[in-house]
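Comments concern the structure below.
Protein chains: 2
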Amino acid sequence: MMLVNGAPAESIAVTDRGLAYGDGVFRTLRAVAGRPLQWGRHYAKLHHDCGALDLSCPPESVLLADVQRVAVGHALATVKIIVTRGGGPRGYAPPRGGVPSRIVMAEASAPPARHANGVTVRLCRLRLSHQPALAGVKHLNRLENVLARAEWNDSATAEGLLLDQEGFAIGGTMSNLFIIEDGALITPDLSRSGVAGVTRDRIIDLAKQAGTGCRVEALPYPRVRNAEGAFLVNSLIGLWPIASLEGRTWVPTTLARDFAHALETDDAARD
Amino acid sequence: MMLVNGAPAESIAVTDRGLAYGDGVFRTLRAVAGRPLQWGRHYAKLHHDCGALDLSCPPESVLLADVQRVAVGHALATVKIIVTRGGGPRGYAPPRGGVPSRIVMAEASAPPARHANGVTVRLCRLRLSHQPALAGVKHLNRLENVLARAEWNDSATAEGLLLDQEGFAIGGTMSNLFIIEDGALITPDLSRSGVAGVTRDRIIDLAKQAGTGCRVEALPYPRVRNAEGAFLVNSLIGLWPIASLEGRTWVPTTLARDFAHALETDDAARD
Numbered sequence: 017m018m019l020v021n022g023a024p025a026e027s028i029a030v031t032d033r034g035l036a037y038g039d040g041v042f043r044t045l046r047a048v049a050g051r052p053l054q055w056g057r058h059y060a061k062l063h064h065d066c067g068a069l070d071l072s073c074p075p076e077s078v079l080l081a082d083v084q085r086v087a088v089g090h091a092l093a094t095v096k097i098i099v100t101r102g103g104g105p106r107g108y109a110p111p112r113g114g115v116p117s118r119i120v121m122a123e124a125s126a127p128p129a130r131h132a133n134g135v136t137v138r139l140c141r142l143r144l145s146h147q148p149a150l151a152g153v154k155h156l157n158r159l160e161n162v163l164a165r166a167e168w169n170d171s172a173t174a175e176g177l178l179l180d181q182e183g184f185a186i187g188g189t190m191s192n193l194f195i196i197e198d199g200a201l202i203t204p205d206l207s208r209s210g211v212a213g214v215t216r217d218r219i220i221d222l223a224k225q226a227g228t229g230c231r232v233e234a235l236p237y238p239r240v241r242n243a244e245g246a247f248l249v250n251s252l253i254g255l256w257p258i259a260s261l262e263g264r265t266w267v268p269t270t271l272a273r274d275f276a277h278a279l280e281t282d283d284a285a286r287d
Numbered sequence: 017m018m019l020v021n022g023a024p025a026e027s028i029a030v031t032d033r034g035l036a037y038g039d040g041v042f043r044t045l046r047a048v049a050g051r052p053l054q055w056g057r058h059y060a061k062l063h064h065d066c067g068a069l070d071l072s073c074p075p076e077s078v079l080l081a082d083v084q085r086v087a088v089g090h091a092l093a094t095v096k097i098i099v100t101r102g103g104g105p106r107g108y109a110p111p112r113g114g115v116p117s118r119i120v121m122a123e124a125s126a127p128p129a130r131h132a133n134g135v136t137v138r139l140c141r142l143r144l145s146h147q148p149a150l151a152g153v154k155h156l157n158r159l160e161n162v163l164a165r166a167e168w169n170d171s172a173t174a175e176g177l178l179l180d181q182e183g184f185a186i187g188g189t190m191s192n193l194f195i196i197e198d199g200a201l202i203t204p205d206l207s208r209s210g211v212a213g214v215t216r217d218r219i220i221d222l223a224k225q226a227g228t229g230c231r232v233e234a235l236p237y238p239r240v241r242n243a244e245g246a247f248l249v250n251s252l253i254g255l256w257p258i259a260s261l262e263g264r265t266w267v268p269t270t271l272a273r274d275f276a277h278a279l280e281t282d283d284a285a286r287d
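Order-wise, the sequence lines are chains X and F. Counting from 1 along the first sequence, just add 16 to a position and that's the residue number in our numbering. Counting from 1 along the second sequence, just add 16 to a position and that's the residue number in our numbering.
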């Protein structure tokens, strides 16, 4: 089921700035029996991302009602929310007093595969650009991710690791990266490239609660390869330990297993 | 009038990858009495840009028929063509065997304002990122242009000049830049940032025909300010001399006037 501005619809005006310029943001999340998981975090992030584009974010109650309406028929669903700057005359200038478009859709999904033994990751050739004005934001300008994801089509490779143009590791094409180094947890700095996902925040918070903490640092690629362990996270997959990266192999760490378990427990508690 | 895949329509599926990821390219051009100006160049550029995204470009005859159909009712029209990767399941991976969407629309327009005395240009705060895999291509990921254009809303400012993150001038938010230095014509290198427009190519060709030539160079901002003259071009505006840029003022050069005239003569000859 799909809703456009709260009404059942499967299409949007061709003059919408979301299509014309990628002028908008989005979220992808899971719902269980019509209830979105980690809703508070997802809405806060959507609101933050709208702010980065000076876009007026739809009220939380309005979006939540949309989400519940599209997800209610599914035991498990993947929900996608898109907020664009809406319509307007041709030209880059955002129209004054424009009304954002909100699109909410759901599809049935299976429980996320656990991949307890880890997944195979390749290093992408595409290097991410630096744009501090947009870094961290899950906006609709995702051609870098599309080009990177088009680099492989074998089903044995689960994800691609992206470096920026200076060789720093940023994350997967659709996921955030964590490494373990001398027993400490580290995730890449995303102030110039990448998307800062909700599950990345959850891991950082869980690490704080556990007393181990998590450092946010610029992470040259060799440090990923030399790490004791590495894993990828997002709202749909949960946590995937990296078992293999361009010839480097790892056995999943206890820490990764503990975090995967903590994510699942936390989600279950909120159901 | 609007056509989506050749049929009258004003909307597109919300699952289209053009909306989801900005996964597509576009063109904006003028038409006189239903005939697109510089069609050969525009189609060649669209075809090239599709290639950069590994997108299958619709055949020239199909697009030309669409353009003529939407433009035929107007003495003068602005035509916009969008080609996206079409629909597909959620996820960045381009679907194999996907069918691109083509959207063609026209609106009535006035003849371009000549601005023979030049226009006022401001320097944008936003700095363009470097992405060699996408530079030059007129793709749908245009948030940098949107953010830059949102920096002003006074009608006295006609355009904003964009620098890249190393301080090199790249072009206007919607136009290409040329400067005159020691009597020679120079335009910025666009191999890392910016959009290489059709009118930029036309000026380069006209300069070659005139025997003066045009150099393509990395152009630090101070060289723009110290230039003998500067002008902006695109397919809709034609050529605008820059009269003022952040306190630096110029009287339009003969060279700019000659090129503006040559563009108009060339368009008229092809009508």
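Heads up, the beta-carbon is just placed ideally off N, CA and C, and yes, glycines get one too.
Item, Value
"Where the beta strand (DSSP E) through S27(F) begins and ends", "S27 to A29"
"Limits of the alpha helix (DSSP H) - the one that S117(F) falls within", "That residue, S117(F), is in no alpha helix (DSSP H); its beta strand (DSSP E) goes S117 to A124."
"Collapsed DSSP secondary structure at T203(X) in the structure displayed", "strand"
"Span of the beta strand (DSSP E) around P257(F)", "G254 to L261"
"Beta carbon proximity, S72(F) to chain X, threshold 8 angstroms", "no"
"Cβ separation of Q181(F) and L206(F), assumed to be a contact under 8 angstroms, to the nearest whole Å", "About 15 angstroms; that fails the 8 angstroms criterion."
"C-alpha gap between I258(F) and A68(F), whole angstroms", "32 angstroms"
"DSSP-derived helix/strand/coil call for A234(F)", "coil"
"Simplified DSSP assignment, three categories, for G50(X)", "coil"
"Outcome for H131(X) when other beta-carbon atoms lying within 10 angstroms are tallied against a minimum of 16", "buried"
"Local Cβ density within 10 Å of P52(F), reported as buried at 16 or more and exposed below that", "buried"
"Residues of the segment 70-100 of chain X whose Cβ lies closer than 8 angstroms to any Cβ of chain F, in chain order", "D70, T94, K96, I98 and T100"
"Inter-stretch contact at 8 angstroms, needing at least 3 Cβ pairs: the segment 113-125 of chain F / the segment 239-249 of chain F", "no"
"Under 8 angstroms between C-beta atoms of M70(X) and A93(F)", "The sequence shown places Asp at residue 70(X), not Met. No."
"G38(X): contacting residues in chain F (beta-carbon distance under 7 angstroms)", "G38, L156, N157, R158 and L159"
"Closest by C-alpha distance to D282(F), when choosing among P75(F), Q225(F), D65(F) and S209(F)", "Q225(F)"
"Proximity below 8 angstroms, CB of L163(X) to CB of L142(X)", "yes"
"Secondary structure of D217(X), DSSP reduced to three states", "helix"
"Within chain F, partners of M17(X) - CB distance below 7 angstroms", "The premise fails here: M17(X) is roughly 12 angstroms from chain F at the closest Cβ pair, so nothing lies under 7 angstroms."
"L142(F): first and last residue of the uninterrupted beta strand (DSSP E) it sits in", "V135 to L144"
"C-beta neighbour in chain X for I253(F), strict 8 angstroms", "no"
"Buried or exposed (CB count within 10 angstroms, at least 16 for buried), P75(X)", "exposed"
"Of the residues L252(F), L45(F) and P110(F), the one placed nearest A129(F), counting alpha carbons only", "L252(F)"
"Same chain only: Cβ atoms within 6 angstroms of G152(X), ignoring 5 sequence neighbours per side", "L206 and A212"
"Under 8 angstroms by beta carbon: chain F residues contacting G22(X)", "Under the 8 angstroms cutoff, chain F gives no residues; its nearest Cβ is about 14 angstroms from G22(X)."
"L69(F) in three-state terms, based on DSSP", "coil"
"Straight-line Cα distance separating I219(F) from C66(X)", "39 angstroms"
"Cβ-based contacts, 8 angstroms cut-off: residues of the segment 126-138 of chain X near chain F", "none"
"Contacts that P15(F) makes with chain X (C-beta to C-beta distance below 8 angstroms)", "Residue 15(F) is absent from the model: chain F starts at 17 and stops at 287."
"6 angstroms CB neighbourhood of I195(X) in its chain, flanking five on each side removed", "I202, V240, A243 and A246"
"Burial state of A126(F), where buried means 16 or more other Cβ atoms lie within 10 Å", "exposed"
"Same chain only: Cβ atoms within 6 angstroms of S260(X), ignoring 5 sequence neighbours per side", "T136"
"Amino acids of chain X, ordered along the chain, whose beta-carbon sits closer than 8 angstroms to that of V30(F)", "M18, V20, A25, E26, S27, I28, I98, I119 and M121"
"DSSP three-state assignment for A151(X), whether helix, strand or coil", "coil"
"Chain-ordered chain X contacts of V162(F) [CB-CB under 7 angstroms]", "Y37, D39, Y108 and P110"
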